[in-house]
Structure formats: C-alpha cells, structure tokens
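S.K.: First the structure, which I've put down as structure tokens, then a few questions once you've had a look.
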Amino acid sequence: MLIATDLDGTLLRADKTISPRTMAALERAAAADVPVVLVTGRPIRWLRMVYEQLAMPLPAVCANGAVVYDPMRDQVLRADPLAPEALEEIARRLADEVPEAVLAVEIMDGRHMRHHIDYPMRWDSEHGGVQAVQAVAELLTDPAVKLLVRAGDRDPDEFADQVGKALAGVGEATHSSTSGLVEVSAAGVTKAAGLAWYCDRLGVPAAQVTAFGDMPNDVPMLAWAGHAVAVGNAHPAVKEIADEVVASNEDDGVATYLEQLLP
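In our numbering, the protein residues as written are 81 to 343.
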C-alpha cells in the first residue's frame, strides 16, 4: 500500500498549515510502514514550509509530475522538463492563440523561477529564487520543469482548455487555481506519470495506491491510482472520477480517511 496526496486544498488547510489531526494520521502511516508521497504542482522551492511542519520530510512528486524529489538527500531522482525547443514552440503557439499571454518558467528542477517583467507576481515571489526578464526569449533558453501562463483573470477551466488545445502534442496544460493560471508541462508529463515512476521504483502497483486530490491537475493521478479520494472542497471534475468523497481539507478529510484505513 502507498498513500499519495496533493498538498494545497487537500492535505493543507487554507492557511497552508497541516492540522495536528492530519499530522497524527501521517505519523500513524509511518508507524504502519505505509509510504506516503506528496504529489504537488509546487516546485521544490515551495516545499520548505511544508517540510518545516512534518516530523520527517516525505518524498515528493513536484511540478505536476516533472520532478521526483528526495528531501532527505536534497536530491532530484528524476526530472522531465520542457526542452528549449519545446518552449520556443509553445511560446510561438501561445503568441498566435493568446497574444496577451505573459509567461514564467520554473528552471533548475524547480529551484528557481524566471518570469517576464509583465507577468503578475502574486504569491510566487514569497519563496525566493525569482528573476524578472525583459524579453520572452530569455525565458526559453533553459529546460523548464513547468511553464506558467497568465492572461488576466480568466475562467480557469475555459482558459486551460484553450491553452491545452493550442499546445496539443507539445505540452500538457492543466490548472490548480481559481484565477486563470495555466500550468504547462512537457508532453506526457502529469502527476500520474511522475507518481507511476516513483511507485515502479518501489515495486508498488497502481492497484495498491490510494490517492487524494482536489483540483484538475490531480485528475490524471486519481484516474491512475487504484483508489481515488476527493476532498469535499474538490473541483467537480475531481469528484466525478473519485471512488469516494471525504470531508474538506478544512475538516481534515485526508486524516479522517487515514484513521479508518489504518486503525
């Protein structure tokens, strides 16, 4: 058995903390020798505040599946970034389809962010490792584990669908926000792909994986896992494919499930 859980909106509360009850449930899993893996859209540089709350750092599939990270050794086990050639093609297609789009990239396996000067920084700069550039071309020179696309406030589902169609064959577009931010990974790179690679390394089949999530970027992982659990606050697309729905992240939905799974 293996537990895979998303972070924001799933394991974490709105204030980005892990509740004492959830901490106790994770410790119960560790005592039962059940591996727990964090599967998140966050880059590595955004994990510190999570690890500071945990009794023991947990392995993480980051950047929507593009990076598999071992925090005990501060080591990237696997990275599957967008190559510069793919970034150039994506930028070209976006310029045609969404000319008002502004871009940012997560580089150095997600330890550093580079963004166009016009890209609206919100919470991104709180985590350090951020550089602004004047020209789009400066974003396309290094492999990027994730490309970020904004074009003002958009309906997130509609915008992700628009970008996904424009980038078909060269990138995977998804979202985990409510503000119209679209996240793009290399073709074939999803949370499911990254988690599958890690589970194969451990010899754990999909049938023995229980996965928790709340947003569209979790859908591939939940569809792959043997048992898919949506938290109560999840996006309708997540609830639609989940095997069951538990309480919200604010009401310790993941912990409630783990308490029943690991008596």
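The beta carbon of each residue, even a glycine, is placed where N, CA and C say it ideally should be. Predicted model only: the values in this text are computed from it and were never measured.
Excluding the 5 residues flanking residue 302 on each side, which residues of the same chain have their C-beta closer than 7 Å to its C-beta?
M.R.: Hits under 7 Å: 291, 293, 308, 318, 321, 322.
S.K.: May I have the straight-line CA-CA distance separating residue 283 from residue 332, to the nearest angstrom?
M.R.: Distance between the alpha carbons of residue 283 and residue 332 is about 29 Å.
S.K.: So, is residue 254 buried or exposed, given that buried needs 16 or more other C-beta atoms within 10 angstroms?
M.R.: So residue 254 ends up on the buried side.
S.K.: Output the distance between the C-alpha atoms of residue 311 and residue 119, rounded to the nearest integer angstrom.
M.R.: The alpha-carbon atoms of residue 311 and residue 119 are separated by roughly 15 Å.
S.K.: Among 84, 88, 82, 81, which has the Cα closest to the Cα of residue 313?
M.R.: Among 84, 88, 82, 81, the Cα nearest to that of residue 313 belongs to 88.
S.K.: Should residue 194 and residue 250 be called a contact, given that it needs their Cβ atoms to be closer than 9 Å?
M.R.: Contact flag unset, no.
S.K.: Which residues in the same chain as residue 168 place their Cβ atom closer than 8 Å to its Cβ, once the five residues preceding and following it in sequence are excluded?
M.R.: If we look at residue 168 and ignore the five residues flanking it on each side, its Cβ neighbours are 220.
S.K.: Identify whether residue 150 lies in helix, strand or coil by the three-state DSSP scheme.
M.R.: Strand, per DSSP.
S.K.: Under 8 Å by Cβ, that's how I've got residue 289 and residue 306 pegged, so tell me the actual separation to the nearest angstrom.
M.R.: So it is a contact: roughly 5 Å between Cβ atoms.
S.K.: Considering only DSSP beta bridges, list what residue 290 is partnered with.
M.R.: Partner(s): 83, 307.
S.K.: Confirm, please, whether the CB-CB distance from residue 209 to residue 192 is below 9 Å.
M.R.: Yes. Within cutoff.
S.K.: Grab the span of the alpha helix (DSSP H) containing residue 171 for me, first residue to last.
M.R.: Note, residue 171: alpha helix (DSSP H), 164 to 177.
S.K.: Kindly indicate which three-state DSSP category residue 202 falls into: helix, strand or coil?
M.R.: In this structure, residue 202 counts as coil in the three-state DSSP scheme.
S.K.: For a test of the three-state rule: what should DSSP assign to residue 261, helix, strand or coil?
M.R.: Residue 261 falls in the coil class under three-state DSSP.
S.K.: Can you list, in chain order, the stretches of the alpha helix (DSSP H) that have 4 or more residues and sit fully within the region 107 to 151?
M.R.: Segments of the alpha helix (DSSP H) lying fully in the region 107 to 151: 128 to 131.
S.K.: Comparing alpha-carbon positions, which option in 140, 264, 256 lies nearest residue 316?
M.R.: That would be 256, whose Cα lies nearest to the Cα of residue 316.
S.K.: Could you check the C-alpha separation between residue 338 and residue 117 for me, to the nearest Å?
M.R.: Their Cα atoms are separated by approximately 14 Å.
S.K.: State the DSSP-derived secondary structure class of residue 59, mapped to helix, strand or coil.
M.R.: Nothing about residue 59 can be reported from this structure: the residues present for the chain run from 81 to 343 only.
S.K.: Do you know how far the Cα of residue 334 is from the Cα of residue 324?
M.R.: When rounded, the distance between both Cα atoms is 12 Å.
S.K.: Considering Cα atoms alone, identify which of 326, 342, 216 is closest to residue 90.
M.R.: Nearest C-alpha to residue 90: 326.
S.K.: Can you find at least 3 beta carbon pairs, one from the region 141 to 158 and one from the region 231 to 245, that sit closer than 8 Å?
M.R.: Judged by Cβ distances under 8 Å, the region 141 to 158 makes no contact with the region 231 to 245, as fewer than three pairs qualify.
S.K.: Starting from residue 321, follow the alpha helix (DSSP H) in both directions and report where the run begins and ends.
M.R.: Its alpha helix (DSSP H) spans residues 316 to 321.
S.K.: Taking the alpha carbon of residue 225 as the reference point, which residue from 142, 107, 238, 165 has its own alpha carbon closest?
M.R.: Nearest option by C-alpha distance: 142.
S.K.: Just confirm the distance between the C-beta atoms of residue 351 and residue 123, as a whole number of angstroms; I'd bet it's less than 8 Å.
M.R.: Residue coverage of the chain in this structure runs from 81 to 343, which leaves residue 351 outside it and unanswerable.
S.K.: Look at the Cβ atom of residue 216, then the Cβ atom of residue 166, and state whether they are nearer than 9 Å.
M.R.: No, they are not a contact pair.
S.K.: Please find out if some non-hydrogen atom of the ligand FAD comes closer than 8 Å to the beta-carbon of residue 163.
M.R.: With respect to the ligand FAD, the structure offers nothing, as it holds no ligand at all.
S.K.: Can you tell me where the beta strand (DSSP E) with residue 254 in it begins and where it stops?
M.R.: Unbroken beta strand (DSSP E) run through residue 254: 251 to 254.
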